[in-house]
Structures are given as C-alpha cells and as structure tokens.
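Enquirer:
In the UniProt record's numbering, the protein residues as written are 1 to 159.
In structure tokens, the structure reads:
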C-alpha cells in the first residue's frame, strides 16, 4: 500500500474499476483507470539490428555516391560498427548511429541538432520521438541543401 497526498492506493491495475479509501474525507470512492495499447508491435533485437543496419547501409551508399559525384576532397564519409560519420567541411559533420538498448537510431546534425528515431511499423520508416519527421526527410533536406541537389534514398525494405 502507498499513501499519496492523503489517499491510500492498493495495487491499482489499469482498465479496471478500483475502490479506495480516502482518510481525508472518510469515504470510499471508485475510479476507473484506462490505458491505451501501443498499436505497433515492439521490435525484436534481431529485427532492430536488421532494420538499423539496412538503413545505415542505404545512407552510406547514397552519401558515397554524392561525395564521388561532387569531387570535393574536403568531404569525407566513414561507416564502422553501427556509426556513420559524414564530414561536409564548412557545412559541418553528421553522425548517425545505432542505439541498441533503446532500439533507436540517433542523428547528430550541425543544422537541426540531435534527434532520436524509432522504427514505425505503420510507416515503414524511422520517425522522430519528438515530432512527425523521419530521418530520411531530415537528411534529404539538409544534405540536399549542402550539395544543392535533390536527394532520394532507396527504400529500406528493398535492401
């Protein structure tokens, strides 16, 4: 049992009515607690690693092609152990990496700052944990602006 601001709670489970006694009023009350179920099934570790690795591979291949086409020697890309680093000289450095404990992909951008992304099974993409943006949209816009070119990423599900 636990007291919280004069109310006694006993093992309250979600989605069922529970009675409790309030010492401050001396009355019994009944409350109904409801919860919503997350409509997306959580990823297994194996699924997470496959999706995150495929995503980083798509980004790596796209950025390598861009760097090769641009001929810029001050731009550099490195991909190793789940971390993709894209150095665009005066435009800054992007770091995209896996965060296995959280099943997330993190982006550090010199333009938009740090962002965390979780896989959306409904949309088949990595969506921001703070807004509705996807990692592909953010990177396509920001890196496209740096190269003055429209960027499109191969569909991750085609890997």
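For each residue, glycine too, the CB sits at the ideal point set by N, CA and C.
1. Take residue 99 and list the residues in its own chain whose beta-carbon comes closer than 8 Å to its own, dropping the five residues that flank it on each side.
2. From what residue to what residue does the alpha helix (DSSP H) around residue 84 run?
3. Residue 112: which of 59, 81, 78 and 145 sits nearest, CA to CA?
4. Give a yes or no on whether the C-beta atoms belonging to residue 134 and residue 110 are separated by under 8 Å.
5. How far does the beta strand (DSSP E) with residue 127 in it reach, from first residue to last?
6. Buried or exposed, going by whether 16 or more other CB atoms sit within 10 Å of the CB of residue 136?
7. What did DSSP end up calling residue 141 once you bin it into helix, strand or coil?
8. Roughly how many whole angstroms lie between the Cα atoms of residue 84 and residue 78?
9. Which residues in the same chain as residue 55 place their Cβ atom closer than 8 Å to its Cβ, once the five residues preceding and following it in sequence are excluded?
10. Going straight from the alpha carbon of residue 60 to that of residue 51, what length do you get?
11. How long is the line joining the alpha carbons of residue 143 and residue 69, rounded to whole angstroms?
12. Would residue 43 and residue 91 qualify as a contact pair, given that the criterion is a beta-carbon distance under 8 Å?
13. Between 120, 95, 147 and 58, which has its C-alpha nearest residue 48's C-alpha?
14. Pop quiz: residue 66 and residue 153 are said to be a contact at Cβ under 8 Å. What is the actual Cβ separation, rounded to whole angstroms?
Expert: In terms of the structure at hand:
1. 105, 106 and 116
2. First-last for residue 84: 83-88, but that is the beta strand (DSSP E), not the alpha helix (DSSP H).
3. 145
4. no
5. 125-128
6. buried
7. helix
8. 6 Å
9. 105, 126, 135 and 156
10. 14 Å
11. 14 Å
12. no
13. 120
14. About 11 Å; that fails the 8 Å criterion.
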